[in-house]
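Residue numbers (the numbering used here): 536 to 740.
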């Protein structure tokens with residue numbers, strides 16, 4: 536469900552007044568994650584690494600109240616559900632967006648991930664959930680990247696988690712992760728806490 540709320544009655548009242556009309560209200564934080572546990576779990580379970588990363592993002596975001604409030608066209612909205620957006624290469628060689636509802640049940644999320652991304656790839660049509668707070672993702676596993684800063688459009692204020700190819704050494708596997716978010720939605724401290732909690736989610740998988 537998506538409902539409009541009064542900014543002045545929310546915890547983000549001051550941030551809304553400061554940043555809602557900013558020409559560049561996005562903040563980007565970068566943190567190198569240790570994904571050794573994620574890689575081992577992927578190999579053991581035969582689940583896709585990207586899917587597992589998306590589930591960990593949804594799991595972490597669903598525990599933070601900041602992720603359930605989002606500015607849009609000068610208004611502030613509260614959601615009660617989260618979805619993860621992934622970019623899918625379609626059968627024609629182009630790309631489409633695909634929203635996947637987050638489920639705390641990993642097997643259910645994996646099933647939805649496989650079914651919805653396959654449908655998107657075959658139909659060459661993007662799918663969006665208007666009643667979910669969507670966390671965008673963009674994975675470019677072909678190339679090692681230190682940082683990604685996404686374009687900003689006032690049509691899309693959702694948080695975005697982006698990464699490239701992981702880096703394997705003798706003792707650990709690391710992955711630089713870029714997290715971009717709207718300053719009305721959360722402050723830098725909230726964004727940093729999300730990245731710290733994401734690492735804990737990965738470690739506990």
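Where is the CB? At the ideal position from N, CA and C, for every residue including glycine.
Test item: CB-CB of residue i and residue j under 8 Å
i: residue 606; j: residue 618; result: no
i: residue 620; j: residue 655; result: no
i: residue 711; j: residue 567; result: yes
i: residue 633; j: residue 733; result: no
Interface flag, residue i vs chain D, CB-CB below 8 Å
i: residue 651; result: Given the protein chain composition of this structure (a single chain), no chain D is represented.
Proximal residues to residue i (C-beta, below 6 Å), its chain only, five neighbours per side dropped
i: residue 715; result: 561, 563, 685 and 695
i: residue 612; result: 537, 539 and 605
i: residue 683; result: 697 and 713
i: residue 707; result: 569 and 571
Proximal residues to residue i (C-beta, below 8 Å), its chain only, five neighbours per side dropped
i: residue 597; result: 617, 637 and 639
i: residue 657; result: 625 and 626
Nearest candidate by alpha-carbon position, reference residue i, set the options
i: residue 624; options: 601, 660 and 731; result: 660
i: residue 704; options: 681, 543, 569 and 582; result: 569
i: residue 600; options: 739, 736 and 728; result: 728
i: residue 581; options: 722, 730, 642 and 559; result: 642
i: residue 558; options: 688, 574 and 602; result: 688
7 Å CB neighbourhood of residue i in its chain, flanking five on each side removed
i: residue 692; result: 605, 606, 607 and 717
i: residue 548; result: 542
### Contact between the region 643-652 and the region 665-673 (3+ Cβ pairs under 8 Å)
no
### Query
Which runs of the alpha helix (DSSP H), 4 residues or longer, sit entirely within the region 635-662?
641-658
### Message
Threshold first: 3 residues or longer. Then list the beta strand (DSSP E) segments lying entirely within the region 685-719, N to C.
### Response
695-698 and 708-717
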